[in-house]
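Residue numbers (the numbering used here), protein chains in the order written: chain Y, 3 to 211; chain Z, 3 to 211; chain S, 3 to 211; chain U, 3 to 211.
Positions of the beta carbon are idealized from the N, C-alpha and C atoms, including for glycine.
Heads up, the thing below is written out as structure tokens.
There are 4 protein chains.
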Amino acid sequence: MNVVDVAPEILKLVDDLVADGRVTDPRTPKGRLLAKAAKLFRVKGYERTTVRDLAAAVGIQSGSIFHHFKSKEEILLALMREVIVFNTSRMQSMLASSDNPKEKVLNLIRCELEAINGLTGNAMSVLVYEWRSLNKDNQKQILVLRDIYEQLWLDTLAEAKEQGMIVADVFVLRRYLMGAISWSTTWYDPKGDMTLETMAREALTLAIK
Amino acid sequence: MNVVDVAPEILKLVDDLVADGRVTDPRTPKGRLLAKAAKLFRVKGYERTTVRDLAAAVGIQSGSIFHHFKSKEEILLALMREVIVFNTSRMQSMLASSDNPKEKVLNLIRCELEAINGLTGNAMSVLVYEWRSLNKDNQKQILVLRDIYEQLWLDTLAEAKEQGMIVADVFVLRRYLMGAISWSTTWYDPKGDMTLETMAREALTLAIK
Amino acid sequence: MNVVDVAPEILKLVDDLVADGRVTDPRTPKGRLLAKAAKLFRVKGYERTTVRDLAAAVGIQSGSIFHHFKSKEEILLALMREVIVFNTSRMQSMLASSDNPKEKVLNLIRCELEAINGLTGNAMSVLVYEWRSLNKDNQKQILVLRDIYEQLWLDTLAEAKEQGMIVADVFVLRRYLMGAISWSTTWYDPKGDMTLETMAREALTLAIK
Amino acid sequence: MNVVDVAPEILKLVDDLVADGRVTDPRTPKGRLLAKAAKLFRVKGYERTTVRDLAAAVGIQSGSIFHHFKSKEEILLALMREVIVFNTSRMQSMLASSDNPKEKVLNLIRCELEAINGLTGNAMSVLVYEWRSLNKDNQKQILVLRDIYEQLWLDTLAEAKEQGMIVADVFVLRRYLMGAISWSTTWYDPKGDMTLETMAREALTLAIK
DNA sequence: CATGAATGAGTTTTCATTCAT
DNA sequence: TATGAATGAAAACTCATTCAT
Chain Y
3 MNVVDVAPEI LKLVDDLVAD GRVTDPRTPK GRLLAKAAKL FRVKGYERTT
53 VRDLAAAVGI QSGSIFHHFK SKEEILLALM REVIVFNTSR MQSMLASSDN
103 PKEKVLNLIR CELEAINGLT GNAMSVLVYE WRSLNKDNQK QILVLRDIYE
153 QLWLDTLAEA KEQGMIVADV FVLRRYLMGA ISWSTTWYDP KGDMTLETMA
203 REALTLAIK
Chain Z
3 MNVVDVAPEI LKLVDDLVAD GRVTDPRTPK GRLLAKAAKL FRVKGYERTT
53 VRDLAAAVGI QSGSIFHHFK SKEEILLALM REVIVFNTSR MQSMLASSDN
103 PKEKVLNLIR CELEAINGLT GNAMSVLVYE WRSLNKDNQK QILVLRDIYE
153 QLWLDTLAEA KEQGMIVADV FVLRRYLMGA ISWSTTWYDP KGDMTLETMA
203 REALTLAIK
Chain S
3 MNVVDVAPEI LKLVDDLVAD GRVTDPRTPK GRLLAKAAKL FRVKGYERTT
53 VRDLAAAVGI QSGSIFHHFK SKEEILLALM REVIVFNTSR MQSMLASSDN
103 PKEKVLNLIR CELEAINGLT GNAMSVLVYE WRSLNKDNQK QILVLRDIYE
153 QLWLDTLAEA KEQGMIVADV FVLRRYLMGA ISWSTTWYDP KGDMTLETMA
203 REALTLAIK
Chain U
3 MNVVDVAPEI LKLVDDLVAD GRVTDPRTPK GRLLAKAAKL FRVKGYERTT
53 VRDLAAAVGI QSGSIFHHFK SKEEILLALM REVIVFNTSR MQSMLASSDN
103 PKEKVLNLIR CELEAINGLT GNAMSVLVYE WRSLNKDNQK QILVLRDIYE
153 QLWLDTLAEA KEQGMIVADV FVLRRYLMGA ISWSTTWYDP KGDMTLETMA
203 REALTLAIK
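And the structure:
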């Protein structure tokens, strides 16, 4: 939407996923709609965002929304699906870049903080906080994708624990970290003094001493 | 709702607050309505819970709700106000019981985990996740109460930091802890193997080494 | 709606069915809504009649319709259910009044002509011509009731055939008669010269020589 | 649509009418659209059939429909106009083939049963049951054509009555026959045991003893 | 002629809220 | 206080129709 400095490897990742049909091209009308929806759903909440709000945000008529998506819930679903797909891919490539377990955990934390507070922040917040707005079938669909994502975390934490870097229960630790990181969407200000890197290092000390 | 084993000091606290007019007596129709509302708002979400749902849950007609509360949002507001008032009081009395900073932090954690996953769990979840459903004025009202609550945390953490028990930034740490503990509402199962005490000790290791 | 001369035995029948909960009291708001719906659905067609039309016809707001019926289709369903129940009851009592097969057939014809062109004319037309507007489940429900009604016809025609009064195939004859009689809704004018009794006798000659 | 055995005189009739511009050539895209529309309008009803349904059925995009017809209602109108024109022509040539009034009536019945249950069955059903979907002007237009068609019936029945073959009122008889024959679209199964010829002879006994 | 994205007026339905009883 | 019928504004969604390409 804005001309921001997006790292070239991110642009490459998006292009690859668009080419695979796994995410919607953000330059198409449908992609722009998804971006605006993420923002509105995050700020106002899914239920309080009307289809008219969405349409107004992208400059079309409300009826035209349904040319792109069968229903309002389909928008939410697409949003959630694509944000997990993207961040899972991103995390996978980041994990590949290091062998050191501690570095790997730090990378996961960086990645998730970036996901929550960076480019995909709106969609990630929606994923975390609008879960109940999906019907059971759609929840199941997303759950499959989340499980893949979570397994990356659990495997990495287990590796660190084997090496004695972690004493806590891995499962509980992951849940605590998830809550801690997700919640940052409500208070972290990217324009403030603190960098995400500082945040990541603080978070690492929660997990690893 | 059910006859559960509630610690006598809790009952006493409720009675005191009821006497002060700071919380609604849970044995009155209005109190029962608040309890049911907390449950429904948490499970279905505030927006997706209709006034009819609420009325059906307490066995009255939807119109009768408005003899107790001026509007649906008033119910949400009362819920949030009372759950903070109650848990702030509770935390204050717990803090008074110890001088050891580490013990104090542990007590805060215990208290908040208990608040989120125990008797006031429904209302606490609603407080955390339905924030955007309040209008600006009501948000301001609740914010005043939350600030009092949060100050108890910040003061205690600052004390522990002074004594070298904490290296992290106190503000960031508190936010991380808040997210971690709040999020447990989505995964902690009181009927499972893990006790809240175990959870509390795990959480303590996030903060203090 | 209007003060018409309704035969006392009809009023009695309605009262009995109302008392059993099998038909809606036409004097209640819900009953008046059904009557207006029958008229509108017949004249404009079910699909072309909007809920707003219905509401305007009974002098309420469109939203209030849903206080009485869960959906627009529920109105159609109730209409169809009640008109069959009523006319089946009526036919049963008429059949009981004669032993002569020819007289019985004539009575069935009178009854159906009366149903189509008399008091229940609107609802009967809707029953016959708006069938496809019901979903499969609702069609099944009505089919059960229609089968009971049709069996009265088939049994009576079979009796007349046994006595040599009919040569045609009973099944085909019934279908032809049904079409002939139903279609009269499109052309018979109760205010014109021809009486329903004349119509009935003409119809009898189609069946019995 | 399929390669069915169509009598050569029917093909000839169609060709003549196409040459006159009175009916659309069924081999053209427009003609195929009309055929599909007839089917869909009959099965789902005119109102419940969307322009998208029509387009999908003929394998084009919904916008392209409007290159062939100015509006959806124009399709309905063309359908009705052409099916009457065709069946009127057919009836006229059939009437010419006999001098015997009884034979003539039988031929009319055969012709109408064939029209309702044979090749033009879909369009005929639509003509009979979707009447209210035309606006007043279009109704008037079709009415002119129907009157020509009906006059063939009335003249023939009047002739038979003069010869003492019919006792009933000719007008009422025609209406009854029309209803009886039209209704057969709802129950007659061309793949079942009964032939249309059997049906026609049964129908003849309704009219003539 | 064909496409397909967009329109915009219209539809059914929802639901917090009111108020006479 | 309680009821429950009614309100009315707003919601999601539909769909015939248009039009630039």
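Endpoints, alpha helix (DSSP H) assigned at residue i
i, result
"U:A21", "10-21"
"Y:E161", "138-164"
"Y:R29", "Run containing Y:R29: none; DSSP gives neither H nor E here."
"U:W189", "No alpha helix (DSSP H) holds U:W189; DSSP gives it neither H nor E."
"Z:W218", "Given that chain Z is displayed from residue 3 to residue 211, the structure contains no residue 218 of chain Z and the question cannot be resolved."
"Z:I183", "172-185"
"S:M201", "198-209"
Beta carbon of residue i nearer than 9 Å to that of residue j
i, j, result
"S:A170", "U:E204", "yes"
"Y:Y128", "Y:R44", "A small correction: the amino acid at residue 128 of chain Y is Val; Tyr does not occupy that position in the sequence shown. Yes. Within cutoff."
"Y:N140", "Y:L78", "yes"
"S:I12", "S:L121", "yes"
"Y:I111", "Y:L179", "yes"
"Z:V174", "Y:M167", "no"
"S:L136", "S:E84", "no"
"U:G61", "S:R134", "no"
"U:V130", "U:S184", "yes"
"Z:P192", "Z:N124", "no"
"Z:A80", "Z:L36", "yes"
"Y:S182", "Z:A182", "Correcting the residue identity first, residue 182 of chain Y is Ala in this sequence and not Ser. In this structure, Z:A182 lies closer than 9 Å to Y:A182 by Cβ."
"Y:R54", "Y:S64", "yes"
"S:L19", "S:F88", "yes"
"S:A59", "S:K32", "no"
"S:M126", "S:N109", "no"
"U:T90", "U:Y151", "yes"
Amino acids of chain Z, ordered along the chain, whose beta-carbon sits closer than 9 Å to that of residue i
i, result
"Y:R177", "A182, W185, S186, T188, W189, Y190"
Partner residues on chain Y for residue i, Cβ-Cβ distance less than 8 Å
i, result
"Z:G47", "E49, R134, S135"
"Z:E204", "A170, D171, V174, L175, Y178"
Partner residues on chain Z for residue i, Cβ-Cβ distance less than 7 Å
i, result
"Y:V128", "Going along chain Z, no residue has its Cβ under 7 Å from Y:V128, so there is no contact; the nearest lies around 12 Å."
Partners in chain U for residue i, counting only beta-carbon separations shorter than 8 Å
i, result
"S:T197", "Here the premise fails: no neighbours, minimum Cβ distance about 12 Å."
Contact set between residue i and chain Y, taken where Cβ atoms lie within less than 9 Å
i, result
"Z:K211", "T207, K211"
Chain Z contact residues for residue i, given Cβ-Cβ distances below 8 Å
i, result
"Y:M201", "V174"
Cβ-heavy atom distance, residue i to the ligand ADP, below 8 Å
i, result
"S:R176", "Annotation note on the ligand ADP: not contained in the displayed structure, which lists no ligands."
Worksheet entry | Complete runs of the beta strand (DSSP E) confined to the stretch 40-128 of chain U [at least 3 residues] | Whole beta strand (DSSP E) segments, 3+ residues: zero.
Discussion item. Along the stretch 149-174 of chain Z, where does the CB come closer than 8 Å to a CB of chain Y? Name the residues.
Written reply: Listed by position along the chain: V169, A170, D171, V174.
Worksheet item: When you check each C-beta in the stretch 105-120 of chain U against every C-beta of chain S, which residues fall closer than 8 Å?
Response: Listed by position, the residues of the stretch 105-120 of chain U near chain S (Cβ gap below 8 Å) amount to none.
Practice prompt. Check distances from the C-beta atoms of the stretch 67-82 of chain S to those of chain U and list, in chain order, the residues that come in under 9 Å.
Written response: Those residues of the stretch 67-82 of chain S that come within reach of chain U (Cβ to Cβ, closer than 9 Å) do not exist; the list is empty.
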